[in-house]
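Numbering (full-length UniProt numbering), first residue to last: 1 to 86.
Below, the structure written as structure tokens:
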């Protein structure tokens, strides 16, 4: 997977950062499940909690969502120009 310096996987995004989903990597089942709960390209995500172990908690489409690290690794995001500390 080739990524430019502004793109990274969601699991590598720090707490408080705003990112925009660029693409989803994975099988049909993962993509169907992820899009069903709102993880779609173009969606804005705020990382509320990322302790580098265990699940991430993100704010997505007016909802807090917990997502496992393995799934977060399959979501490629681009950093937004400003950070948002919550």
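We put the beta carbon where it would ideally sit given N, CA and C, even for glycine.
**Asked** Between the Cα of residue 59 and the Cα atoms of 17, 26, 71, which residue gives the shortest distance?
**Response** For the purposes of this step, residue 59 is identified with residue 59 of the chain shown, where counting begins at 1. For residue 59, the nearest C-alpha among the options comes from 17.
**Message:** Pairs of beta-carbons, one from the region 30–48 and one from the region 8–15, closer than 8 Å: are there three or more?
**Reply:** yes
**Request:** From the DSSP output, in three-state form, read off residue 76 for me.
**Result:** Taking the first residue of the chain shown as 1, we reach residue 76 at position 76. Residue 76 falls in the strand class under three-state DSSP.
**Coil, strand or helix - residue 35 by DSSP** = Within the chain shown, the letter at position 35 stands for residue 35. Here residue 35 sits in helix by DSSP.
**Asked** Which same chain residues, not among the five before or five after residue 10, have their C-beta less than 6 Å away from its C-beta?
**Response** In the chain shown, counting from the first residue as 1, residue 10 sits at position 10. If we look at residue 10 and ignore the five residues flanking it on each side, its Cβ neighbours are 72, 75, 77.
**Request:** For residue 41, verify whether its CB is less than 6 Å away from any heavy atom of the ligand GDP.
**Result:** Only the bare structure without any ligand can be found here, which leaves the ligand GDP out of the picture.
**Request:** For my contact list, residue 38 and residue 20 are in at a C-beta cut-off of 8 Å; report their separation, rounded to the angstrom.
**Result:** In the chain shown, residue 38 corresponds to position 38, counting from 1. In the chain shown, residue 20 corresponds to position 20, counting from 1. With 8 Å as the limit, residue 38 and residue 20 do not qualify as a contact, their Cβ atoms being about 13 Å apart.
**Asked** From which residue to which residue does the beta strand (DSSP E) around residue 20 run?
**Response** As a working note, residue 20 is residue 20 in the chain shown. Segment 18–24, the beta strand (DSSP E) holding residue 20.
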